[in-house]
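Read top to bottom, the protein sequences are chains A and B.
Using this note's numbering, the first residue of the first sequence is number 1, and each one after it goes up by one.
Using this note's numbering, the first residue of the second sequence is number 251, and each one after it goes up by one.
Notes to accompany the following structure.
Number of protein chains: 2
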Amino acid sequence: MLKEERHKIILREINLHNKVLSTDLRDQLTVSEDTIRRDLNELADLGLILKVHGGAMSKTFHYPFNGQNQVYALQAKQVIADKTINLLKSDMLILMEGGTTIMEIAKRIPEDLSATIFTVSPHTALALAEHENIQVITIGGKLSKNYNIHTGASVINELNNIKIDLCIIGTNGISLNEGLTDSDWEVVHVIKAMISNSKKTAVVSIAEKFNSVQKIKICDLSVIDYIITELHPENPVLSAYGGREKPYLL
Amino acid sequence: MLKEERHKIILREINLHNKVLSTDLRDQLTVSEDTIRRDLNELADLGLILKVHGGAMSKTFHYPFNGQNQVYALQAKQVIADKTINLLKSDMLILMEGGTTIMEIAKRIPEDLSATIFTVSPHTALALAEHENIQVITIGGKLSKNYNIHTGASVINELNNIKIDLCIIGTNGISLNEGLTDSDWEVVHVIKAMISNSKKTAVVSIAEKFNSVQKIKICDLSVIDYIITELHPENPVLSAYGGREKPYLL
DNA sequence: TAAAAATATGTAAATTCATGCAAAATTCCT
DNA sequence: AGGAATTTTGCATGAATTTACATATTTTTA
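Listed below in structure tokens is the structure:
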């Protein structure tokens with residue numbers, strides 16, 4: 001294994017988890033601990049990481065909600081993120097909403113993927129900005145305090161002027177009969193506009209949210225192309241959802 | 251668990267709740283109480299927390315100027331922020347750029363000030379969103395990786411459609427002869443548009459940046475209404491700047 | 001004032017680190 | 001392609017750090 005290769009893996013690991021243990025890296029990369037230590041020293045000399053006793057840490061938190069904040073069901077969301085990333089191809093125009101699941105996707109995008117990603121969420125934008133080959137375009141507008149995403153007429157207008165290849169949204173409610181539902185009127189309208197200006201739409205949601213209904217309807221499930229959960233597509237919990245038609249379970 | 255990791259968690263806990271009990275931390279972090287005590291001692295030695303019997307407290311509770319952020323010249327920037335906030339009145343339309351000084355302004359806006367604030371910076375937007383009475387509107391666009399502010403034609407277009415009462419910008423270079431200067435072409439154009447669509451413009455800058463010149467010109471100083479530094483307006487360092495005409499030193 | 005709680009100090013075990021050196025791998029040059 | 005130069009790696013050693021426990025002291029509380 002090349003040194004540069006290790007360095008990239010180490011940096012990635014730190015970006016993802018905010019820290020690494022020398023011992024973990026030794027096992028993961030199957031090199032001696034001395035080598036790892038030398039790697040960490042070099043990366044620290046370049047100012048890329050913060051070396052500490054026992055490993056290394058991320059030097060600064062670039063965006064507010066990053067490390068210490070405990071994300072609910074983080075592991076499930078990371079599984080979802082990895083599945084979702086398989087849908088992303090180079091040169092795509094991608095549109096992302098906000099939320100913790102989508103943040104995990106943003107963080108875990110491979111460094112060699114080059115694409116243009118639109119987002120209505122400042123958090124997502126800042127996470128995406130970490131990737132060298134991703135062009136980030138924020139759809140600005142009134143910032144909703146509760147959801148930290150841009151809403152309002154200006155957002156809708158902007159969205160109506162672009163044609164997206166793949167749109168990735170989270171959801172608060174998802175059920176067979178009611179489709180996608182949410183509780184905030186402004187947010188619902190943004191999501192509607194996101195979907196209707198995209199060729200394909202993927203919904204990411206932990207299985208726990210399935211069969212829950214919120215007050216305001218976004219759309220029927222038939223409009224959705226992919227539903228991505230942490231479970232295997234053939235898990236009985238999802239059996240009602242994977243029909244012959246869209247949406248496809250991933 | 252890494253020691254620094256514990257430290258960050260402890261700091262976060264203190265920032266959130268203003269105090270921590272050693273016993274709570276012992277349980278939460280599953281280490282011995284001695285370790286917690288050592289951690290608290292180290293953080294106290296660094297001046298980041300205030301150690302008290304039974305745990306530790308936030309120092310900012312007692313001494314407002316003492317952040318743990320690694321912002322360069324933070325104290326000066328906080329002085330600038332407080333001066334700038336005097337310019338803000340309720341019901342104003344305000345426009346803010348990005349940068350560490352402006353972040354301090356955003357954080358320190360009084361809770362009873364109610365205004366609409368536009369910004370081209372996701373960071374600033376998220377900081378502003380913390381204030382209940384501030385309506386935040388993000389001017390979206392291509393996110394510049396180096397500066398983390400939105401740039402490009404769409405930003406200019408949006409800016410041309412609004413009329414701002416007060417525009418607050420930072421700067422990289424400020425000098426009598428060359429006026430405001432910066433090093434990034436895209437950023438310069440955004441700032442130009444910000445200024446030309448605002449009735450009043452305030453420049454915030456630590457004194458250290460005075461008499462420095464960057465490659466690209468933004469505007470002459472005569473266009474600026476207020477220059478705000480951490481120094482007293484009559485400090486000799488600034489003597490050349492405060493003429494009979496604009497700009498006014500604060 | 002006495003009991004309880006919190007703190008300080010010392011010690012030993014375990015882990016981690018820095019350094020020097022030789023073997024192995026890689027790169028460079030002809 | 002072949003060999004020299006350079007870089008990289010693993011190992012050995014001793015030093016340094018970190019942690020939990022035991023014990024003594026101080027502070028708080030009833």
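Using N, Cα and C, we set each Cβ at its ideal position, and we do this for glycine too.
Only a predicted model underlies this, so the values are computations on that prediction, with no experimental measurement involved.
Between L231(A), Y72(A), K3(A), which has its C-alpha nearest I80(A)'s C-alpha?
Start at 1 with the first residue of the first sequence, and residue 80(A) comes out as number 80. Among L231(A), Y72(A), K3(A), the Cα nearest to that of I80(A) is on L231(A).
Should the segment 418-425 of chain B be called in touch with the segment 460-467 of chain B, which here means at least 3 C-beta pairs below 8 Å?
Enough Cβ pairs lie closer than 8 Å, so yes.
Segment contact, 8 Å Cβ cut-off, at least three pairs: the segment 130-145 of chain A with the segment 196-204 of chain A
Contact fails between the segment 130-145 of chain A and the segment 196-204 of chain A, because fewer than three Cβ pairs, one in each stretch, are under 8 Å apart.
Pull the bridge partners of T388(B) from the DSSP assignment, please.
On the second sequence, residue 388(B) is found 138 positions in, with the first residue counted as 1. According to DSSP, which records beta bridges pairwise, T388(B) is partnered with T369(B).
Buried or exposed: G297(B), going by 16 or more other Cβ atoms within 10 Å of its Cβ?
As a position in the second sequence, residue 297(B) is number 47, starting the count at 1. With fewer than 16 other Cβ atoms inside 10 Å of its own Cβ, G297(B) counts as exposed.
Alpha carbons only, please: which of I367(B), I344(B), L324(B), V473(B) is nearest the one belonging to F350(B)?
If you number the second sequence from 1, residue 350(B) lands on position 100. The amino acid at residue 350(B) is misidentified as Phe; the sequence shows Thr. If we check each option's Cα against that of T350(B), L324(B) comes out closest.
Chain B beta carbons: is any one of them nearer than 8 Å to that of L238(A)?
Along the first sequence, one-based indexing puts residue 238(A) at 238. Chain B contact via Cβ: absent.
For Y312(A), the residue or residues it bridges with in DSSP:
Past the boundaries of the shown model lies residue 312(A); chain A is included only from 1 to 250, so the question cannot be answered.
Do S394(B) and V437(B) count as a contact pair if the criterion is CB distance below 8 Å?
Translated into the one-based positions of the second sequence, residue 437(B) becomes position 187. Translated into the one-based positions of the second sequence, residue 394(B) becomes position 144. A contact, by the Cβ cut-off of 8 Å.
Please decide whether T334(B) counts as near chain A, where near means a Cβ-Cβ distance under 8 Å.
As a first step, residue 334(B) is located in the second sequence; it is residue number 84 there, counting from the start. Chain A contact via Cβ: absent.
Excluding the 5 residues preceding and the 5 following A76(A) in the sequence, name in chain order all residues of the same chain whose CB lies nearer than 6 Å to its CB.
Against the first sequence, residue 76(A) aligns to sequence position 76. So the list reads I206, E230, once near-sequence residues are dropped.
Would you say I259(B) and L293(B) are within 8 Å of each other, going by their C-beta atoms?
If you number the second sequence from 1, residue 259(B) lands on position 9. If you number the second sequence from 1, residue 293(B) lands on position 43. Not closer than 8 Å, so no.
Determine the extent of the beta strand (DSSP E) in which M96(A) is found, giving its start and end residues.
Translated into the one-based positions of the first sequence, residue 96(A) becomes position 96. 93-96 is the extent of the beta strand (DSSP E) around M96(A).
Determine whether the Cβ of A375(B) lies closer than 8 Å to any Cβ atom of chain A.
Counting from one through the second sequence, the residue named residue 375(B) turns up at place 125. So yes, A375(B) belongs to the interface.
Hey, out of F118(A), L21(A), I164(A), I218(A), whose CA is closest to I137(A)'s CA?
As a position in the first sequence, residue 137(A) is number 137, starting the count at 1. Checking every option, the nearest Cα to that of I137(A) belongs to F118(A).
Whole-angstrom distance between I412(B) and N319(B), CA atom to CA atom
Here the question's residue 319(B) lines up with position 69 in the second sequence. Here the question's residue 412(B) lines up with position 162 in the second sequence. For N319(B), the predicted structure reports a pLDDT of 42, less than 50, and the residue's modelled location is therefore unreliable. A value from the coordinates is still provided. Near 34 Å, if we compare the C-alpha coordinates of I412(B) and N319(B).
Any C-beta of chain B under 8 Å from that of K163(A):
Here residue 163(A) refers to the residue found at position 163 of the first sequence. Output row for K163(A): interface = no.
How many Å lie between T401(B) and T280(B) at the Cα?
Walking along the second sequence from the start, residue 401(B) turns up at place 151. Walking along the second sequence from the start, residue 280(B) turns up at place 30. C-alpha separation (whole angstroms): 47 Å.
How would you list, in chain order, the residues of chain B whose beta-carbon sits under 9 Å from the beta-carbon of I137(A)?
For the purposes of this step, residue 137(A) is taken as residue 137 along the first sequence, with counting starting at 1. By Cβ distance, chain B contributes G390, G391, K392, L393, H400, G402, S404.
Which of helix, strand or coil DSSP assigns to V437(B)
Indexing the second sequence from 1 puts residue 437(B) at position 187. V437(B): helix per DSSP, three-state reduction.
Identify whether R12(A) lies in helix, strand or coil by the three-state DSSP scheme.
Within the first sequence, residue 12(A) is the residue found at index 12, counting from 1. DSSP places R12(A) in helix when its eight states are reduced to three.
Does the CB of H189(A) have a neighbour CB from chain B at under 8 Å?
For the purposes of this step, residue 189(A) is identified with residue 189 of the first sequence, where counting begins at 1. It does not; no Cβ of chain B falls within 8 Å.
Where the alpha helix (DSSP H) containing L159(A) begins and where it ends:
Taking the first residue of the first sequence as 1, we reach residue 159(A) at position 159. 153-160 is the extent of the alpha helix (DSSP H) around L159(A).
Give the residues of chain A in contact with P508(B), contact being defined as C-beta atoms less than 7 Å apart.
Given that chain B is displayed from residue 251 to residue 500, the structure contains no residue 508(B) and the question cannot be resolved.
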